[in-house]
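Chemist: Right, I'll just put the structure down here and ask away after.
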Amino acid sequence: MTIMIKVLAINGSYRDDGITDQSIEALAKVLELNGAKVEIVLLREYPIEFCLNCRACTQQPGETLGECVIHDRMQELIEKIESADSYILAAPTNFGSVTSIFKRFMERLAVYAYWPWDMNGPQFRKARAPKKKALLVSSCAAPGALGRCFFGTSKQLKMTAKTIGAEVVGTLFTGMIAKQQHPKLPERVRTRIKAFAKRLV
Ligand SMILES: Cc1cc2nc3c(=O)[nH]c(=O)nc-3n(C[C@H](O)[C@H](O)[C@H](O)COP(=O)(O)O)c2cc1C
Numbered sequence: 047m048t049i050m051i052k053v054l055a056i057n058g059s060y061r062d063d064g065i066t067d068q069s070i071e072a073l074a075k076v077l078e079l080n081g082a083k084v085e086i087v088l089l090r091e092y093p094i095e096f097c098l099n100c101r102a103c104t105q106q107p108g109e110t111l112g113e114c115v116i117h118d119r120m121q122e123l124i125e126k127i128e129s130a131d132s133y134i135l136a137a138p139t140n141f142g143s144v145t146s147i148f149k150r151f152m153e154r155l156a157v158y159a160y161w162p163w164d165m166n167g168p169q170f171r172k173a174r175a176p177k178k179k180a181l182l183v184s185s186c187a188a189p190g191a192l193g194r195c196f197f198g199t200s201k202q203l204k205m206t207a208k209t210i211g212a213e214v215v216g217t218l219f220t221g222m223i224a225k226q227q228h229p230k231l232p233e234r235v236r237t238r239i240k241a242f243a244k245r246l247v
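Note that the numbering used here has the sequence shown beginning at 47, numbered continuously upward.
See the structure below:
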């Protein structure tokens with residue numbers, strides 16, 4: 047019996063059919079051809095509140111995730127994260143970082159941390175769990191290599207992967223895409239995506 051790998055793509059782009067949407071769709075196509083089941087979550091369609099910094103969710107020890115005092119669709123999203131085998135974590139680079147909607151999502155991942163009031167910093171509840179895999183996706187106006195090294199986006203996407211218990215198996219950082227109102231994913235990137243997607247399955 048073959049086991050179908052479940053991939054959850056979390057997309058922090060603000061617009062339909064931008065480079066982030068196109069990258070994820072191209073990755074999903076390859077993954078599905080390789081037998082994976084892909085679910086795409088558009089954060090722009092997810093009404094998630096801001097973290098209150100109350101840390102109620104971080105007080106009890108152990109690997110079980112904390113409980114957030116806010117009841118919105120974040121609980122549903124956490125269930126999706128927990129039941130997925132691997133992830134695509136994606137956000138465009140805006141002002142040198144992930145978009146605000148992605149950052150808002152990241153901060154609500156506080157439930158993945160044990161951080162009582164008498165401790166200086168958090169411990170990640172998933173630190174010892176068997177690692178899942180994550181591909182990171184971003185884009186920017188600057189050349190991709192520069193964006194990847196000098197903007198905060200890669201670091202933030204990596205931190206998201208670490209928090210949810212995933213190891214990063216690749217980063218797709220597409221640069222020079224902001225000179226057209228409706229950019230098309232360059233052919234060279236589509237070619238890269240074919241090999242890149244297979245790292246998840
Ligand atoms: C408000 C805003 C801020 C941006 N900041 C940067 C930036 O700091 N560096 C950069 O290279 N590109 C920047 N860009 C370009 C975006 O990274 C680019 O348009 C985006 O990656 C496209 O993603 P999308 O097609 O999924 O919307 C910015 C764009 C906007 C609208």
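Ideal Cβ placement from N, Cα and C applies to all residues, glycine included. Here the structure is a predicted model, which is why all the values come from computation and not from measurement.
Is Tyr66 helix, strand or coil when you go by DSSP?
Modeler: The residue you asked about is not Tyr; residue 66 is Thr in the sequence shown. It is helical.
Chemist: If you count every other CB in all the chains shown that lies within 10 Å of the CB of Thr237, and 16 or more means buried, which is it?
Modeler: By the C-beta density criterion, Thr237 is exposed, having fewer than 16 other C-beta atoms within 10 angstroms.
Chemist: Determine the closest residue to Arg245 out of Ala224, Lys230, Leu182 and Cys97, with distance taken between C-alpha atoms.
Modeler: Leu182
Chemist: Pick helix, strand or coil for Ala159, following the three-state DSSP scheme.
Modeler: strand
Chemist: Please determine if the region 221 to 237 and the region 51 to 71 are in contact, where contact requires at least 3 C-beta pairs separated by less than 8 Å.
Modeler: yes
Chemist: When the Cα atoms are used, what is the spatial distance from Asn80 to Ser129?
Modeler: 19 Å
Chemist: What number of angstroms, rounded off, separates the C-alpha of Cys195 from the C-alpha of Lys75?
Modeler: Taking the straight line from one Cα to the other gives about 28 Å.
Chemist: Give the single residue among Lys204, Ala173, Thr220 and Ile86 whose Cα lies nearest to the Cα of Ala188.
Modeler: Thr220
Chemist: Can you give me the C-alpha to C-alpha distance between Ser69 and Trp161, rounded to a whole angstrom?
Modeler: 36 Å
Chemist: Closer than 8 Å: is that where the CB of Ser200 sits relative to any heavy atom of ligand 1?
Modeler: Incorrect: Ser200 has no Cβ contact closer than 8 Å to ligand 1.
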